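The structure appears below as structure tokens.
There are 2 protein chains.
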Amino acid sequence: MRLGLLLDDVSGVPQTLREAVRYALLSTGKRLRPFLVDRCAVLVGGQPADAFAPGAALEMVHAFSLVHDDLPAMDDDDLRRGQPTCHKVYGEAVAILAGDALLALAFETLAKGVSEPRRAAALTAVLARGTGWMGMIGGQVDDLAGEHQPMTLSLVRTIHDRKTAALFVAACRMGGIAGGASEAQLVQLEEYGRHLGLAFQIADDLLDVTATPEEIGKNVAKDAARRKQTYPGCVGTKQAVLAGVTEVNTAIAALADFGPEADELRALARYVMARWT
Amino acid sequence: MRLGLLLDDVSGVPQTLREAVRYALLSTGKRLRPFLVDRCAVLVGGQPADAFAPGAALEMVHAFSLVHDDLPAMDDDDLRRGQPTCHKVYGEAVAILAGDALLALAFETLAKGVSEPRRAAALTAVLARGTGWMGMIGGQVDDLAGEHQPMTLSLVRTIHDRKTAALFVAACRMGGIAGGASEAQLVQLEEYGRHLGLAFQIADDLLDVTATPEEIGKNVAKDAARRKQTYPGCVGTKQAVLAGVTEVNTAIAALADFGPEADELRALARYVMARWT
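Those protein sequences? They're chains A and B, same order as listed. Its first residue numbered 26, the first sequence is counted upward by one per residue in this note's numbering. Its first residue numbered 26, the second sequence is counted upward by one per residue in this note's numbering.
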């Protein structure tokens with residue numbers, strides 16, 4: 026995915042801001058959300074070109090969320106994807122503004138990159154809702170507040186649902202919309218996205234307990250230190266793995282109406298928990 | 026303008042975040058940008074109802090920008106509109122996320138509140154560009170960087186153009202689009218918006234030098250203390266007033282093709298500098 030192309034129209038953008046945005050967006054992430062958009066779009070009969078702008082917009086929202094989550098006032102992380110975090114390189118003010126710029130650019134990318142206006146408006150609504158106070162941003166508030174609350178499984182699940190799954194749901198729905206899915210297909214894709222997102226966050230919690238910084242490019246054992254609400258913290262590593270596998274199976278079951286053309290999405294779901302199974 | 030109505034659909038929004046967003050959005054601001062959208066829409070033949078969602082979206086973007094600008098890492102202000110700033114009340118993390126939520130909500134409001142898809146997509150593109158790294162957010166980066174540069178009039182003008190005028194331009198263009206303006210009318214409205222915005226920022230700079238905190242609801246004499254690039258700092262109070270008046274006149278001249286139905290917009294422009302003329 027040639028995300029960098031979208032950053033080339035930069036007349037009048039201050040140099041530092043341009044660099045900070047490129048640094049945040051073009052680092053070696055997995056590009057999982059654009060991949061989901063692409064595969065969901067193609068699965069329902071769309072073309073990869075239909076998925077480009079929505080996928081890029083989602084990756085921008087994801088990059089924005091990482092830059093802001095890493096800030097000193099939030100999770101205070103100094104390592105991300107094996108590199109110093111954005112505010113470590115460019116300072117806190119520019120990092121806040123680079124995150125803001127990425128969020129605005131996500132909506133600009135959708136508005137300009139989707140030629141069919143009805144589809145553009147629908148994609149914008151889904152992206153905004155998945156990102157906003159009922160979705161990912163709300164989840165981040167819950168996540169920070171959770172550091173000061175007794176750990177419970179129901180709280181962990183609420184946080185995971187918003188902090189992580191909301192944007193996976195948006196990715197799958199956006200892919201479906203971009204590819205011209207029926208309403209029934211959209212519901213199935215959302216169900217897949219939600220459980221994939223929950224599995225993904227359980228795996229992320231597990232990696233914080235079991236991996237090394239070299240393996241995952243960010244610091245580890247942070248969650249316990251900050252008293253985060255996590256699956257392994259709540260039910261232990263073994264039960265957390267079982268819960269992750271259950272989410273993977275539920276995600277795969279949501280694709281039952283699709284044929285072998287959904288195998289890549291099924292394989293992706295299995296891959297999320299593969300290290301522990 | 027019943028902005029609060031747009032904040033009532035809050036299922037699943039964490040309580041603190043909801044309160045912080047309401048606090049930031051519903052404080053006693055002037056609602057200048059929604060007013061501009063409304064008057065520009067009606068001027069070109071639209072209905073006030075056409076302007077509601079675009080005006081609300083702009084006010085959300087404006088509120089987001091104030092919350093983030095006031096943060097300790099940015100301008101570090103503790104008073105806004107006569108009240109403690111958002112991060113003083115809710116803490117820095119929630120303030121950052123409340124700003125983020127307002128920005129996402131602005132685009133959701135546009136996507137949901139404008140029923141004609143082509144118009145919604147056009148409004149989204151204009152709002153994103155005016156907000157983003159080429160517009161207001163870029164201007165904020167320049168503004169902060171300007172604290173460490175020698176003061177020059179050309180730098181002041183560049184900063185004002187992006188930091189303030191870009192969103193005024195967006196407001197007038199969005200009003201025009203919402204009301205069904207011709208391309209020629211859009212150009213005139215943008216020209217008005219740009220010079221109104223420049224006059225507004227010169228007046229804002231002047232108030233920081235000449236007003237009391239009680240009069241304007243925020244701390245004063247901050248710009249000189251932070252070595253901000255400002256008009257009065259650069260050319261003195263008297264020349265700054267003259268420059269502001271010139272901008273007002275240029276703004277009014279841009280409305281020459283409109284009849285007396287544009288008188289409210291003309292009066293608004295004169296009002297910006299009225300305290301010094």
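Using N, Cα and C, we set each Cβ at its ideal position, and we do this for glycine too. None of the values given here were measured: they were computed from a predicted structure.
Kindly say whether residue i, judged by its beta-carbon, lies nearer than 7 Å to any beta-carbon of chain A.
{"i": "F132(B)", "result": "yes"}
{"i": "V92(B)", "result": "no"}
{"i": "L211(B)", "result": "no"}
{"i": "T275(B)", "result": "no"}
{"i": "G269(B)", "result": "no"}
{"i": "I202(B)", "result": "no"}
{"i": "C188(B)", "result": "Checking the displayed sequence, the identity of residue 188(B) turns out to be Lys instead of Cys. No, its Cβ sits nowhere closer than 7 Å to a Cβ of chain A."}
{"i": "Q165(B)", "result": "yes"}
{"i": "L28(B)", "result": "no"}
{"i": "D102(B)", "result": "no"}
{"i": "R154(B)", "result": "yes"}
{"i": "T177(B)", "result": "no"}
{"i": "A206(B)", "result": "no"}
{"i": "M99(B)", "result": "yes"}
{"i": "T149(B)", "result": "yes"}
{"i": "A74(B)", "result": "no"}
{"i": "D125(B)", "result": "yes"}
{"i": "L68(B)", "result": "no"}
{"i": "L232(B)", "result": "no"}
{"i": "L31(B)", "result": "no"}
{"i": "L192(B)", "result": "no"}
{"i": "L61(B)", "result": "no"}
How far does the alpha helix (DSSP H) with residue i in it extend, from its first residue to its last?
{"i": "H173(A)", "result": "Where H173(A) is concerned, there is no enclosing alpha helix (DSSP H), given that its DSSP letter is neither H nor E."}
{"i": "P142(A)", "result": "P142 to T156"}
Report the rounded CA-to-CA distance for residue i versus residue j, giving the unit in angstroms.
{"i": "G244(B)", "j": "H185(B)", "result": "Reading the sequence as shown, one finds Asn at residue 244(B) and not Gly. If you take the alpha carbons of N244(B) and H185(B), they lie about 20 Å apart."}
{"i": "S140(B)", "j": "C111(B)", "result": "33 Å"}
{"i": "Y296(A)", "j": "A250(A)", "result": "28 Å"}
{"i": "L60(B)", "j": "R291(B)", "result": "The displayed chain sequence assigns Phe, not Leu, to residue 60(B). For F60(B) and R291(B), the distance between alpha carbons rounds to 13 Å."}
{"i": "G29(B)", "j": "L51(B)", "result": "7 Å"}
{"i": "L267(A)", "j": "P238(A)", "result": "24 Å"}
{"i": "R106(A)", "j": "D95(A)", "result": "12 Å"}
{"i": "L231(A)", "j": "G54(A)", "result": "19 Å"}
{"i": "Q213(B)", "j": "E289(B)", "result": "16 Å"}
{"i": "F77(B)", "j": "A126(A)", "result": "25 Å"}
{"i": "P79(B)", "j": "G261(A)", "result": "49 Å"}
{"i": "C65(A)", "j": "G201(A)", "result": "6 Å"}
{"i": "P175(B)", "j": "D248(B)", "result": "14 Å"}
{"i": "A294(A)", "j": "T156(A)", "result": "22 Å"}
{"i": "G242(B)", "j": "A196(B)", "result": "24 Å"}
{"i": "R252(B)", "j": "A246(B)", "result": "10 Å"}
{"i": "M199(A)", "j": "Y115(B)", "result": "33 Å"}
{"i": "A145(A)", "j": "D63(A)", "result": "16 Å"}
{"i": "S90(A)", "j": "M161(A)", "result": "8 Å"}
{"i": "M99(B)", "j": "V92(B)", "result": "10 Å"}
Would residue i pass as an interface residue toward chain B - the criterion being a Cβ-Cβ separation below 7 Å?
{"i": "M85(A)", "result": "no"}
{"i": "V181(A)", "result": "no"}
{"i": "A145(A)", "result": "yes"}
{"i": "V253(A)", "result": "In the sequence under discussion, the amino acid at residue 253(A) is Lys, which differs from the Val named in the question. Not an interface residue."}
{"i": "L293(A)", "result": "no"}
{"i": "P142(A)", "result": "yes"}
{"i": "I162(A)", "result": "yes"}
{"i": "K137(A)", "result": "yes"}
{"i": "G37(A)", "result": "yes"}
{"i": "A49(A)", "result": "no"}
{"i": "E117(A)", "result": "yes"}
{"i": "D282(A)", "result": "no"}
{"i": "A129(A)", "result": "yes"}
{"i": "L169(A)", "result": "yes"}
{"i": "L290(A)", "result": "no"}
Answer yes or no: does any C-beta atom of chain E fall closer than 7 Å to that of residue i?
{"i": "W158(B)", "result": "Among the chains of the structure shown, chain E does not appear; the protein chains present are A and B."}
Should residue i be counted as a contact of the ligand ADP given a C-beta to heavy atom distance under 6 Å?
{"i": "P175(B)", "result": "Questions concerning the ligand ADP fall outside what the structure shown contains, since it holds no ligand whatsoever."}
Ignoring anything shorter than 4 residues, give me the alpha helix (DSSP H) runs that lie fully in the region 204-288 of chain B, in order along the chain. 208-235, 238-241, 247-251 and 256-278
Does the count of Cβ pairs from the region 39-52 of chain A and the region 60-71 of chain A closer than 8 Å reach three? The region 60-71 of chain A and the region 39-52 of chain A do not touch, with fewer than three beta-carbon pairs separated by less than 8 Å.
When you compare the region 30-42 of chain B with the region 157-167 of chain A, are there three or more beta-carbon pairs, one atom per stretch, that lie closer than 8 Å? With contact defined as three or more Cβ pairs closer than 8 Å, the region 30-42 of chain B and the region 157-167 of chain A are in contact.
For the 8 Å Cβ check, are there 3 or more pairs between the region 73-93 of chain B and the region 143-153 of chain B? yes
Please give the ranges of any alpha helix (DSSP H) in the region 41-122 of chain B, keeping only runs that are unbroken, at least 4 residues long and fully inside the region. The region 41-122 of chain B contains, as complete alpha helix (DSSP H) runs of 4+ residues, the segments 57-68, 73-94 and 111-115 (chain order).
Sufficient close CB pairs (3 or more, under 8 Å) joining the region 210-230 of chain B to the region 252-261 of chain B: yes
Under 8 Å, with one C-beta from each stretch per pair, do the region 202-220 of chain A and the region 276-287 of chain A reach the 3-pair mark? Under the three-pair Cβ rule at 8 Å, the region 202-220 of chain A counts as touching the region 276-287 of chain A.
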